[in-house]
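Taking it in order: structure first as structure tokens, then the write-up.
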Amino acid sequence: MPTLANRYRVVLIVLLIFAGLLLSMYWAGRVAEQRTWTERSQEARGQLELYAQTIHTQVERFRSVPALLALDSDIRKLLENPGDRQLRNQLNRRLERQNQAAGSSVLYLIDRQGNTLAASNWREWSSFVGYNYGFRPYFRDALTQDSGHYFAVGVTTGIPGYFLSSSVKNAAGEVLGVLVVKLELEDMQREWVGQSGILLITDALDIVILSNRPAWRFRYLQPLSDETRSQLVAARRYAEQNLQPLHSRRLQRIDEDSERRQVDGPDGRHNYFWQRLTLPSENWTLHLLQEPQLVAANIRSYRLAAAGVWMTLAFLLLYLAQRRKTRRVEQRSRQELERLVEARTRELRTAQDGLVHAARMAALGQMSAALAHEINQPLTALRMQLASQRLLLDSGRSEAVREGLGQIEGLIERMAALTGHLKTFARKNPAGLPQRVRLDEVLDQALQLLGPRIRSEAVDVLCEVSPDAWVSGDSIRLEQVLINLLNNALDAMQSSSVRQLRIDCRRDGNEWRLSVADSGGGIDREHLDQVFEPFFTTKPVGQGLGLGLAVSYGIVRDLGGRLEVRNDAQGAVFDIRLPAVEARASE
Ligand code: ADP
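The opening position of the sequence shown corresponds to residue 760 in this note's numbering, with each subsequent residue numbered one higher.
Quick look at the structure:
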């Protein structure tokens, strides 16, 4: 029956396991998240560095082009004589060729006032020739700082591009004009379209100038101040492009360059893992936005693994605790059992002792009638002797009186021996330390006690017992066994015509075997196995208790021997087997 305290304990353990489960899952989730984000961040950074490298090499290839061309003497000549038509045509063609060779988008020459004198695209409808670009910062930077770079949407073509400029100087070092190369970077952008994740390149104002998703282009990540806006308009940087905001909210900062953001992009609201990398030479920033699904899957598997480990641990602990408890209970019940067995054994021994005594008393009772008869004889003889002694005394024959008294003494001794023997036999606890006992002596005592019955029933006794049959035991108990066997034999022979009791004793290996055989017809086959059972008797009520053989069996066993039964041609044979002890030299 589970007690209340036990039930509380079970509930507590279940709660603890559950709490541990949640805790371990939470903790594993955190660890997984942190690790995955860090890994992610490193991966994304690697990817961005690759992109940055591509952009950088692309731009670097063209950075020196305007500076080299600026050294051309024809270019300087044209800047000094802008009206020279022939020279202008010639330069137009040359720029066209050089532009093709270099792989840039447009190559063109601007004079100090910002007017385009020659351009590689002079043949096309979108030719720059004649246009004034004095408002473009790359032009002004080249005038003041010798070179400039600038991303903008083409005013003439509407095509965005990166403008790299370099000043053209005369021998005196005066600036005559500016040479510009425009890179459209559209090819590069097209190449990125297939890449996973969203790639954004923002300029110094945090406006997306390039992206592998066209819809994300020309969105600003930071709010633009009015002043910036008016500057943008003045420089016509994004031409008529409609600038739109890209709203986003930070969810979690992972490290300096990466975070998780919720973004309201052109394709709806999504959570992204957002990594940044600055491109200092261009003053641009590269951004890589990735969907964090994979991370969630990763976290889930970490959590599951942690749950598994935790449950295994918890059950292992429970199992060990249970085993310890069971062991303790087992040990306790074993001790309890041992105590019980001891107590029962003690009780049994007492009961057995009682039984032995009871059986002995029963045998005594049976013998007492015969004994009374036996004592009666010497008593009668004694009385007659006394009478004749008196007569002899009267006649003064003192010699004959002395002889007669000697006979009287003999008779009295015989009676004393009989009664004395009975007394010892009736003592309750005769078993003492085992002594060395001679079987022929014990047998003599028993036969002496049964002598009256044997004689009155006219039984032939054939006795062959060697005087060196020494065994270890106590004579009283052994005598009890023999009296039992002999009494049973006499009982069995009561109705037989031949009454023969054969007793012999032989050495059989390490033991002595004392056999008591009778001519009483033996024991029925089906009873052979039962005769040693307590209360088994075939004798009429009042004559047999069925305890004699059971008690005898116990006694012989206690002395380290065995009691066995068999039938021979005339009757039953009981064999007492007892371990032999060697006769001492002095005896
Ligand atoms: P009890 O003598 O009180 O019946 P025992 O245990 O001494 O009890 O004997 C049990 C039974 O064994 C006897 O009733 C008898 O049937 C059988 N028995 C014992 N000894 C002999 C024998 N020598 N011959 C035939 N039967 C015997």
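By construction, the Cβ of each residue, glycine as well, lies at the ideal position given by its N, Cα and C atoms.
To the nearest whole angstrom, what separates the beta carbons of residue i and residue j, a pair I think is in contact under 8 Å?
i: V1230; j: L1322; result: Not confirmed; about 13 Å, so no contact.
i: H1202; j: V1224; result: The sequence shown places Leu at residue 1202, not His. With a Cβ gap of about 6 Å, L1202 and V1224 count as contacting.
i: D965; j: Q981; result: 4 Å
i: G873; j: G893; result: 2 Å
i: I918; j: L868; result: With 8 Å as the limit, I918 and L868 do not qualify as a contact, their Cβ atoms being about 20 Å apart.
i: S925; j: A826; result: 4 Å
i: S1234; j: V1290; result: About 25 Å separates the two Cβ atoms, so there is no contact after all.
i: L959; j: W975; result: 6 Å
i: L1005; j: N1030; result: With a Cβ gap of about 15 Å, L1005 and N1030 do not count as contacting.
i: F1294; j: G1307; result: No, F1294 and G1307 are not in contact; Cβ-Cβ is about 11 Å, not under 8 Å.
i: W1069; j: G779; result: 6 Å
i: A764; j: S1017; result: A764 to S1017, Cβ: 54 Å. No contact.
From this set, the options, which residue's C-alpha is nearest residue i's C-alpha?
i: L1287; options: Q1049, F1333, G907 and D870; result: F1333
i: R978; options: Q990, A993, D985 and D962; result: D962
i: T903; options: V1160, V927, W881 and N891; result: V927
i: S906; options: N929, G936, T1085 and R1059; result: G936
i: Q1245; options: G779, R1212, R1035 and V939; result: The sequence given here has Leu at residue 1245, not Gln. That would be R1212, whose Cα lies nearest to the Cα of L1245.
i: S1040; options: P973, Q1003, V1160 and H815; result: H815
i: G913; options: F887, A1140, S925 and S924; result: F887
i: A1055; options: E1106, R844, R1197 and R1019; result: R1019
i: V865; options: Q849, R882 and R871; result: R882
i: D1327; options: G1280, T1297 and I1335; result: G1280
i: V1310; options: A1118, Q793 and S879; result: A1118
i: V1218; options: R895, P1193, L1237 and A1251; result: A1251
i: M1143; options: Q1166, G1155 and S1154; result: Q1166
i: R967; options: E986, G956, T987 and Y997; result: First, the amino acid is wrong: residue 967 is Val here, not Arg. Taking only the C-alpha atoms, the option nearest V967 is Y997.
i: G889; options: D870, D900, I1335 and A901; result: D870
i: L1249; options: D1283, A911, P1226 and L1209; result: L1209
i: A791; options: V824, R1062, E1168 and L809; result: R1062
i: R1325; options: R1316, G1319, I1335 and D1317; result: I1335
i: R973; options: E950, L1138 and E986; result: Residue identity differs from the one stated: residue 973 is Pro in this sequence, not Arg. Of the candidates E950, L1138 and E986, the one whose C-alpha sits nearest the C-alpha of P973 is E950.
Within its chain, find whatever has a CB closer than 6 Å to the CB of residue i; leave out the 5 residues flanking it on each side and keep chain order.
i: S1345; result: The predicted model places S1345 with a pLDDT of 42, which falls under 50 and marks its position as unreliable; any figure quoted below should be read in that light. Same-chain partners within the cutoff: there are none.
i: A1065; result: S783, M784 and A787
i: F1356; result: Nothing about residue 1356 can be read from this structure; the chain reaches only from 760 to 1346.
i: T724; result: The structure shown has nothing for residue 724, since the chain only spans 760 to 1346.
i: Q948; result: L969
i: Y828; result: According to the sequence shown, residue 828 is Leu rather than Tyr. L938.
i: L1237; result: V1201
i: S1007; result: R1020 and V1022
i: A877; result: R847, L850, N851, L854 and L868
Which two residues bound the contiguous alpha helix (DSSP H) that contains residue i?
i: I968; result: Taken as a continuous stretch (DSSP letters only), I968 belongs to no alpha helix (DSSP H), being part of the beta strand (DSSP E) at V967 to S970.
i: R895; result: Per DSSP, R895 belongs to no alpha helix (DSSP H) and is neither H nor E.
i: S832; result: S832 to E839
i: P825; result: L763 to L828
i: W951; result: E945 to W951
i: L1198; result: L1198 to S1215
What first and last residue would you give for the beta strand (DSSP E) that runs through residue i?
i: Q1259; result: Q1259 to D1267
i: Q1049; result: W1043 to Q1049
i: D1219; result: D1219 to E1223
i: S1231; result: W1229 to G1232
i: S1274; result: E1270 to A1276
i: L958; result: I957 to T961
Return yes when the C-beta of residue i is under 7 Å from any heavy atom of ligand 2, and no when it is not.
i: G1313; result: Within the structure as shown, ligand 2 is missing, the only ligands being ligand 1.
Within its chain, find whatever has a CB closer than 8 Å to the CB of residue i; leave out the 5 residues flanking it on each side and keep chain order.
i: I1262; result: L1202, V1220, L1221, C1222, E1223, V1224, L1273, S1274, V1275 and A1276
i: A1339; result: A1228, W1229, V1230, R1266, N1269, E1270 and W1271
i: A993; result: F894
i: N1243; result: A1118, A1122, G1307, L1308, V1310 and S1311
i: Q1194; result: S1231, G1232, D1233 and S1234
i: T797; result: I1013 and D1014
Grab me the residues of residue i's own chain with a C-beta within less than 7 Å of its C-beta, minus the 5 sequence neighbours each way, in chain order.
i: A811; result: L1036, L1038 and L1045
i: L830; result: none
i: G1330; result: A1251, A1276, D1277, S1278, G1279, G1280 and G1281
i: D1153; result: none
i: S1255; result: S1278, G1279 and G1280
i: N929; result: R835 and L935
i: L1151; result: A1159, V1160 and G1163
i: R822; result: L923
Could one say the Cβ of residue i lies closer than 8 Å to chain D's Cβ atoms, at least one of them?
i: T813; result: No chain D is part of this structure, which consists of one protein chain only.
inquiry  = Suppose only complete runs of 3+ residues qualify. What are the beta strand (DSSP E) ranges in the segment 979 to 1031, listed by chain order?
reply    = Counting whole runs of 3 or more residues, the segment 979 to 1031 contains the beta strand (DSSP E) stretches 1006 to 1014 and 1017 to 1024.
Ranges of the alpha helix (DSSP H) found wholly within the segment 858 to 939, counting only runs of at least 4 = 896 to 904
inquiry  = I'd like the ranges of any beta strand (DSSP E) spanning at least 3 consecutive residues and lying wholly in the segment 1293 to 1344.
reply    = Complete beta strand (DSSP E) runs here, min 3: 1321 to 1326 and 1331 to 1338.
Beta strand (DSSP E) runs contained entirely in the segment 1136 to 1176, provided each spans 3 or more residues = none
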